[in-house]
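Structure first, then comments.
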Amino acid sequence: MAQYSASLGNGGLTVRPVNDHFFEAENDRETGLRSGKTREAQRNAAKQLQTMADEMSRATADEYQEDILDHMERMEAETIPDVDSIDIQTEIQWFMRPYLLDFLIEAHIAFQLLPETLFLTVNLLDRYCSKRVVFKRHYQLVGCAAMLIAAKYGDKKDRVPTIRELQSMCCGLYEEDMFVQMERHVLQTLNWIIGHPTIDNFLQMILSEVTYDPEVEYMALYLCEIAMFHKDFVSTLPSVMARSSLALARHILSRTPPAQSEWAMSYDTTTIVLLSQHLHRPSQVLVRKYSSAHYGMVAVTLEDFMAKQAAIARRHTIAPRIRQMSSQSITHEPDTSLAPLTQQLTPMTPQKTGPPPQQQPMPHGYPTPPETPNDDYFEHQAMLAAKAAASGQVVAQNPTTPMPTPTSAPVPQPPAMVYQY
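The numbers in UniProt numbering rise by one with no breaks, and the one at position 144 of the sequence shown is 144.
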């Protein structure tokens, strides 16, 4: 209903409608300010509650940290796969495993699951293969069932893949009831023991003691997932793998190790050396995954680091060879075992037979000139002689060797010169 206001003018009483929009705009502005303040107060209250919860959780964790760590180490020893049992599989081979892991990693990325879900999936897969004979045609089905169990166990419920989605990723190779049967069979085979402490669990425990560095965390995860592809690390304890990969990640990123507990700072040198030997050719699925900005492009960082290490290794390899070759050329005597054969096959400068030049007799006291005059020398001498003749001067000539007199004793002649070719 419109409102009216009255005013007294020159012409008498005038009635005009009042502008309702002005009051509505003022009310909306006030309501928006009040709601904004309310939301800000709610956010501050939530932050305070979260801070209090974190402090209480940290205090509780510090109190039970030792017991929690003991339980995790006991569980990781009980839930570790057996490589020797996987070796006796009749149909599946180790070279098939990287292809299945590539498929599982792509599915893990597509469903946006947590990192610990991937490590638990691989653990369930390897433990099942350690206890049951797996046919080649069911290998992918076992991997999908392991991912389904791992996602239900520790991931967000809204991200757990459905059986129809898994069937679609397998291109309809398996029926829906086969996923249910395999899921039940995996759980029964493992005696329903799923609580395997993964590498990510130990990583988060170690990183919670220091200032958070996302690049170090992503690099450590990348190294652990690279190790996941290789048989050498299947039976490595997750706690050892987490600490070793974290130490190697800090070395690659040139991070100074922070002061932590003795357990967190201890790592296995053998595992680090073995892991560093498998960083040259990672899976392309992993390279694409960790080359994204979401993971800090740590794959590119690792590639640059490996290129620098290869260049340093080449320099250290070439330098000793050069020093060895130069020392051989200076100190080693030439091999003369093939000298006679070489003299027969290659032309040689004629050699004089008889005593050395310094011991040859000098009948008239004139040794052989040290240098042989060239053509310019004779032309210069001829030009000087011509000028002297024109001016009437006498040119001094080099003394010639005097001829022996007939009465003098015969001069001994050197032996005949023999030429060898």
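Glycine included, every Cβ here is placed at the ideal spot set by N, Cα and C.
As the structure is a computational prediction, the values presented were derived from the model and not from experiment.
Is the beta carbon of residue i sitting closer than 9 Å to the one on residue j?
i: L221; j: P98; result: no
i: T236; j: L120; result: no
i: M169; j: F103; result: yes
i: V142; j: M96; result: no
i: V285; j: I105; result: yes
i: Y212; j: G296; result: no
i: M147; j: L113; result: yes
i: residue 477; j: T117; result: Beyond the ends of the chain as shown, which are 1 and 421, falls residue 477; an answer cannot be given.
Distance check for residue j and residue i, CA to CA, integer angstroms please.
i: Y128; j: V186; result: 7 Å
i: K152; j: I312; result: 47 Å
i: P367; j: T317; result: Any answer about P367 is weak, because its pLDDT of 48 lies below 50 and its placement is not dependable; what the coordinates show is given next. Approximately 54 Å between the Cα atoms of the pair.
i: T346; j: R314; result: The pLDDT assigned to T346 is 47, lower than 50, so where the model puts this residue is not dependable; a value taken from the coordinates is nonetheless given after this. Going from the Cα of T346 to the Cα of R314 covers about 39 Å.
i: A264; j: I206; result: 6 Å
i: residue 425; j: R243; result: Here the chain has residues from 1 to 421 only, and residue 425 is not among them.
i: L302; j: S35; result: 49 Å
i: K308; j: V240; result: 27 Å
i: E165; j: R58; result: 39 Å
i: Q260; j: S266; result: 10 Å
i: L190; j: A293; result: 38 Å
i: F135; j: L100; result: 14 Å
i: I109; j: E78; result: 29 Å
i: S130; j: A227; result: 19 Å
i: V304; j: T31; result: Reading off the sequence, residue 304 comes out as Asp, not Val. Spanning the two alpha carbons is a distance of roughly 56 Å.
i: D126; j: A61; result: 31 Å
i: V210; j: D54; result: 15 Å
What did DSSP end up calling residue i once you bin it into helix, strand or coil?
i: S244; result: helix
i: G296; result: coil
i: M228; result: coil
i: W192; result: coil
i: Y218; result: helix
i: P367; result: Here the model assigns P367 a pLDDT of 48, short of 50, so the residue's position is not dependable, and the following value carries that caveat. Residue state, collapsed to three classes: coil.
i: Q277; result: coil
i: A339; result: Per-residue confidence for A339 stands at a pLDDT of 49, beneath the threshold of 50, marking its modelled position as unreliable; no derived number is given.
i: V180; result: helix
i: T198; result: coil
i: Y64; result: helix
i: A259; result: coil
i: L345; result: Residue confidence for L345 is low, a pLDDT of 45 falling below 50, so the modelled location carries little weight; the figure read from the coordinates is stated next. Reduced to three states, the DSSP call for L345 is helix.
How do the stretch 244–253 and the stretch 85–95 stand: do at least 3 beta-carbon pairs fall below 8 Å, yes or no?
-> no
Which whole runs of the alpha helix (DSSP H) in the stretch 72–154 are 4 residues long or more, in chain order?
-> 83–87, 97–111, 115–131, 139–154
Would you check if the stretch 188–203 and the stretch 43–58 touch, i.e. whether three or more CB-CB distances between them fall below 8 Å?
-> no
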